[in-house]
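A quick write-up on the structure given underneath.
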Amino acid sequence: EVLQLISAGESNKRIAQQLYIECGTVKNHVHNILKKLEVNSRQDAASIYTMHEHGSPAMAF
56 EVLQLISAGE SNKRIAQQLY IECGTVKNHV HNILKKLEVN SRQDAASIYT MHEHGSPAMA
116 F
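In our numbering, the protein residues as written are 56 to 116.
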């Protein structure tokens with residue numbers, strides 16, 4: 056869910072509000088997502104998510 060919201064352009068604060076979790080928890084999730092996807096930015100993570108959603112076999116979650 057966090058990656059989906061990142062790809063929608065939501066801020067950490069907005070993600071926290073939507074998921075009813077603390078902003079610090081969102082930061083931890085974002086950090087872990089970037090690490091797992093081996094990228095350095097939210098934009099790169101969103102691009103991978105978008106490719107995956109459109110059927111690109113580039114990376115499995």
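Glycine included, C-beta positions come from ideal geometry on N, C-alpha and C.
query: What span of residues does the alpha helix (DSSP H) with asparagine 95 cover, start to end?
result: Segment: none, asparagine 95 is in no alpha helix (DSSP H) and carries neither H nor E.
task: Quick one: grab the DSSP three-state call for isoleucine 76.
output: coil
- request: Give the secondary structure of glutamate 65 by DSSP, where H, G and I count as helix, E and B as strand, and everything else as coil.
  value: coil
message: For serine 62 and histidine 107, I'd like the C-alpha separation in whole angstroms.
response: 12 Å
Per-residue DSSP class, three states only, for glutamate 56: coil
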